[in-house]
Amino acid sequence: MTTIRVGVAAECIAALSPLARRLHQTILHHFAISGRPPLMAALNTDKPLRELHDRDVIQLDDTGEILAAYPFSAIPTPHTVAIADGPTVYAMCAIDALGIAAMLGRDITVHSVDPQSGDSITVIIRGGQAEWIPEDAVVLVGSTAPADEDCCHVPAAQICCGVINFFAGTRTASAWLKRHVSVRAVIVDPVKALQMGKDLFGPLLSDSESGAPIRHRPAVAR
Numbered sequence: 319m320t321t322i323r324v325g326v327a328a329e330c331i332a333a334l335s336p337l338a339r340r341l342h343q344t345i346l347h348h349f350a351i352s353g354r355p356p357l358m359a360a361l362n363t364d365k366p367l368r369e370l371h372d373r374d375v376i377q378l379d380d381t382g383e384i385l386a387a388y389p390f391s392a393i394p395t396p397h398t399v400a401i402a403d404g405p406t407v408y409a410m411c412a413i414d415a416l417g418i419a420a421m422l423g424r425d426i427t428v429h430s431v432d433p434q435s436g437d438s439i440t441v442i443i444r445g446g447q448a449e450w451i452p453e454d455a456v457v458l459v460g461s462t463a464p465a466d467e468d469c470c471h472v473p474a475a476q477i478c479c480g481v482i483n484f485f486a487g488t489r490t491a492s493a494w495l496k497r498h499v500s501v502r503a504v505i506v507d508p509v510k511a512l513q514m515g516k517d518l519f520g521p522l523l524s525d526s527e528s529g530a531p532i533r534h535r536p537a538v539a540r
C-alpha cells in the first residue's frame, strides 16, 4: 500500500512549544482575515518563527518572510479559495484547499485546474457538504520522493504540493501519472479527499485544551 505524506503532520504540531503554537495560529488567522501573511517585522519574533519553519509547519524565504503556512500560500498557486465573508486565498495543494473550510468553520469555494486537460475544477463547500464540478473530479495525492527515501525532513512544499492536484476524472489523472513515472501517487475520490482535508487541517485552530475552534482572533496587521 502506498503511504503518502500530506500537509502538516500531527506530530509536528504536537511537538511545538506553546509560544510557537500560538504564533502559528496567529499566522493562520492573519491569512484567513487578510489573504496575506504577516510581515516578520510585525510579528517581532524570530526563534518561534524558525521553530515553525524547521518543523515544516510554515515555510520562510531567504529573507525570513513567510512563503507558506499550510494550508495557505503567500504566492500564487493553481488553487484559489474564496472564503465566505472573507478574502480569496491561495492554497498549497488540493487537499490543503479542501481543508480550509473545516479549519475556519466557514463555507468556501475552491477553483483549480486539471494539469493534464486544462479543465476547470470547482468545489463548493457549504455546511460541510461539498459539490464538485465536474462531479467526476478526483484528487491525485502523491510525492516525488522515492519510496525508500527518508523524506521526513524534506518540506512537503518541495515533494508533495506540486503533485497533489485536482483532476476532472480518473482518466486525466491516470494520463498525468503515465507522463510522470517518478511520482508515487494514488487517485482519491471526492469523499476521501474532503475527509483528508478535514483530518489534517480541522484541528489547527482549535483550543488545545478544550478542542473548541478559535474563531478569527485578531491577527498582527500587515
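Start counting the sequence shown at 319; every next residue gets the next number (this note's numbering).
Even for Gly, the Cβ is constructed at its ideal location relative to N, Cα and C.
Open item on the list: What residue range does the alpha helix (DSSP H) around Arg424 cover?
Closed with: It is not in any alpha helix (DSSP H) - Arg424 carries neither H nor E in the DSSP assignment.
Open item on the list: Is it buried or exposed, Ile393, if we count other Cβ atoms within 10 angstroms and call 16 or more buried?
Closed with: A residue is called buried once 16 or more other Cβ atoms fall within 10 Å of its Cβ, and Ile393, having fewer, is exposed.
Task: Runs of beta strand (DSSP E) wholly within the segment 389 to 453 (minimum 3 residues, chain order) - done: Along the length of the segment 389 to 453, whole beta strand (DSSP E) runs at least 3 residues long occupy 397 to 401, 406 to 409, 426 to 431, 438 to 444 and 447 to 451, reported in chain order.
Task: Buried versus exposed, by CB contacts within 10 Å (16 or more), Arg444 - done: Arg444 comes out exposed.
- [ ] Please work out which residues of its chain come closer than 8 Å, Cβ to Cβ, to Ala511, disregarding the five sequence neighbours upstream and downstream, and give them in chain order.
- [x] So the list reads Ala412, Ile413, Leu416, Val456, Val457 and Val459, once near-sequence residues are dropped.
- [ ] Would you please verify whether the beta carbon of Phe519 is less than 8 Å from any beta carbon of chain B?
- [x] No chain B appears in this structure, which consists of one protein chain only.
Task: From Arg497, Thr363, Gly436 and Pro405, residue whose alpha carbon lies closest to that of His347 - done: It is Pro405.
Open item on the list: Please report the distance separating the alpha-carbon of Ala503 from that of Ser461.
Closed with: In this model, Ala503 and Ser461 are separated by some 6 Å (Cα to Cα).
Open item on the list: Can you check which of these residues, Ala387, Pro433 and Gln447, is closest to Ala419 by C-alpha distance?
Closed with: Residue Gln447 is the option with its Cα nearest to Ala419.
- [ ] Assign Ser500 to buried or exposed, taking buried as 16 or more other Cβ atoms, counted over all protein chains shown, within 10 Å of its Cβ.
- [x] Answer is exposed; the Cβ neighbour count stays below 16.
Open item on the list: Within 10 Å of its beta-carbon, does Glu329 have 16 or more other beta-carbons around it, so buried, or fewer, so exposed?
Closed with: Exposed.
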